[in-house]
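One structure below.
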Ligand code: SF4
Ligand code: SF4
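In the working numbering, the protein residues as written are 3 to 495.
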């Protein structure tokens, strides 16, 4: 058996002890423990705008799957539906098929230019008012405030020893948070199936496993992100604060503290003169209402989501002490510089950057509208049989066989003619050809119909591959669709 020899360690030198202390302080600074934030209720214009944005956005999210839209017999009547089973996306009167996924790409590009434009104009307005993280966090804080009270009461409650009252409040809050989280997860899955049917199935325990899985996943993420992680998501997880700096310039507006007006700050007693001092009375109300727990007076900060609640808080204080509002306001870096130089501040919304983003947004929007307005509801996709590549007929002519997929995106069946062009003398072969040698077929409603086609080319056609094109024409509306293919001819035997 081996013997372990314990060698006494030399006592640490003072230098080592110092270095370890510095390292541990650095580590503490790097991994700062989260301090609980207790945002106070702000009152004012921007708080009202935020309430309105929250109500509108949450209503859209929760209610949309329940809206109905009549598309005719046998077709889904849900206004917004992502139907994976049948490969369809329904949005009111718009119905997209998988091959039209470019409309979704267009929508994403449009959203990107929209957010570029709003950032160039008003900084992180998306973060402050419309980001789901902000909206749900706002809702969760509302519930928290409803049950536990405003900032000071919540702080007192958290410091108080555990009691039945405290446990009851905490349990009620978390229960309500969980109900909201489950409703959020539930609403999400309703976008992917008929909402009333799925609703009944969920509660009768007959919904699919994937439905329960996604509800569970979204329940967990909503509860964790909006209930417990809150401002940390914006500060540490979201890449947008890092990216959006590229969209902003010195004239972009964002929430800022007017140092030139506010400093030197300090407490102010009623009746005292304002001479030789700034307007900031250091009341810290702007900090108390901040959902990110920061002090806007420290300048631009990554954590600031531009929710403007500190503007409301400070405006209320300014009104109380009889000073003009706007000590904290939407301002630009350029204006701050101009004021520091004694120049007049001005807002420049129209700038090369905003014109460019606006033009790109309008262009993509116009293309999308044009694309949707002129959208084809008839499409064709032809596949040539590869085995055998061609058939030599008794009279020396050649025949190639094809499978044509007729895609009818309208609600009614359509009679169509199918013709072939591109190769001299090539013609369709069928027992009952229509006018000009076209095959007549019926494209079933809202579906794909397969049609077998045989194309013959006369004897003497040059060996090799020849480009040909199939044209499908709606016999009633005249709408056409084409599909390119090849005709393969063999050499002499
Ligand atoms: S709310 Fe206004 S006055 Fe009060 S500390 Fe903030 S900036 Fe100063
Ligand atoms: S500093 Fe003001 S604008 Fe920024 S997050 Fe806090 S309250 Fe909102």
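Even glycine gets a Cβ: it sits at the ideal position worked out from N, Cα and C.
Computed from a predicted model, the values in this text were never measured in an experiment.
On a CA-only basis, which of the options is nearest residue i? Give me that one, please.
i, options, result
"residue 150", "345, 392, 227, 43", "43"
"residue 250", "37, 119, 53", "119"
"residue 392", "374, 463, 370", "463"
"residue 63", "278, 78, 144, 183", "183"
"residue 89", "292, 73, 448", "448"
"residue 213", "348, 225, 194", "194"
"residue 401", "311, 109, 387", "387"
"residue 362", "340, 390, 110", "110"
"residue 407", "394, 385, 358", "385"
"residue 265", "281, 254, 71", "281"
"residue 465", "77, 492, 158", "492"
"residue 486", "48, 240, 404", "404"
"residue 500", "201, 199, 191", "Since the displayed the chain opens at 3 and closes at 495, residue 500 lies outside it and no answer follows."
"residue 478", "417, 446, 452, 318", "417"
"residue 431", "460, 199, 446", "460"
"residue 100", "308, 94, 85", "85"
"residue 270", "285, 263, 199", "285"
"residue 303", "263, 247, 321, 253", "247"
In terms of DSSP beta bridges, what is residue i paired with?
i, result
"residue 410", "380, 449"
"residue 298", "BP columns for residue 298 are empty, so no partner."
"residue 423", "471"
"residue 80", "70"
"residue 403", "456"
"residue 85", "90"
"residue 330", "259"
"residue 418", "443, 476"
"residue 98", "91"
"residue 393", "401"
By the three-class DSSP mapping on this structure, what secondary structure does residue i have?
i, result
"residue 59", "helix"
"residue 489", "strand"
"residue 469", "strand"
"residue 9", "Unreliable positioning characterises residue 9 in this predicted model, as indicated by a pLDDT of 37, which lies under 50. The coordinate reading is nonetheless provided below. Reduced to three states, the DSSP call for residue 9 is coil."
"residue 196", "coil"
"residue 476", "strand"
"residue 431", "strand"
"residue 314", "helix"
"residue 50", "helix"
"residue 335", "helix"
"residue 14", "Note that residue 14 scores 45 on pLDDT, short of 50, meaning its location in the model is unreliable; the coordinates nonetheless yield the value given after this. If DSSP states are grouped into helix, strand and coil, residue 14 belongs with coil."
"residue 265", "coil"
"residue 256", "strand"
"residue 92", "strand"
"residue 368", "helix"
"residue 188", "helix"
"residue 149", "helix"
"residue 386", "strand"
"residue 482", "strand"
"residue 271", "coil"
"residue 341", "helix"
"residue 103", "coil"
"residue 141", "helix"
"residue 352", "coil"
"residue 40", "coil"
"residue 285", "coil"
"residue 276", "coil"
"residue 35", "coil"
Does residue i come within less than 9 Å of chain B when only Cβ atoms are used?
i, result
"residue 327", "Protein chains in the displayed structure number just one, and chain B is not present."
Check whether the Cβ atoms of residue i and residue j lie closer than 9 Å to each other.
i, j, result
"residue 298", "residue 46", "no"
"residue 443", "residue 421", "no"
"residue 126", "residue 243", "yes"
"residue 36", "residue 343", "no"
"residue 283", "residue 301", "no"
"residue 424", "residue 470", "yes"
"residue 435", "residue 468", "no"
"residue 294", "residue 230", "no"
"residue 232", "residue 142", "yes"
"residue 450", "residue 108", "no"
"residue 2", "residue 428", "Examination of residue 2 is not possible in this model, given that the chain is present from 3 through 495 alone."
"residue 2", "residue 114", "Residue 2 is absent from the structure shown; the chain starts at 3 and stops at 495."
"residue 153", "residue 41", "yes"
"residue 324", "residue 317", "no"
"residue 91", "residue 81", "no"
"residue 308", "residue 124", "yes"
Is residue i near ligand 4, with its Cβ less than 8 Å from a heavy atom?
i, result
"residue 296", "Ligands displayed in this structure: ligand 1 and ligand 2; ligand 4 is not among them."
**Asked** Between the stretch 409–421 and the stretch 379–397, are three or more C-beta pairs nearer than 8 Å?
**Response** yes
**Request:** Tell me, please, whether the stretch 258–270 touches the stretch 332–342 by the rule of three or more beta-carbon pairs shorter than 8 Å.
**Result:** yes
**Item:** Stretch-stretch touch, CB-based, cutoff 8 Å, three pairs: the stretch 51–69 with the stretch 113–132
**Value:** yes
**Request:** Inspect the CB distances between the stretch 211–225 and the stretch 100–107 and report whether three or more fall short of 8 Å.
**Result:** no
**Asked** Does the stretch 268–278 come within contact of the stretch 139–156, defined as at least 3 CB pairs closer than 8 Å?
**Response** no
**Request:** Count the CB pairs spanning the stretch 366–374 and the stretch 283–294 that are closer than 8 Å, and state whether there are at least three.
**Result:** no
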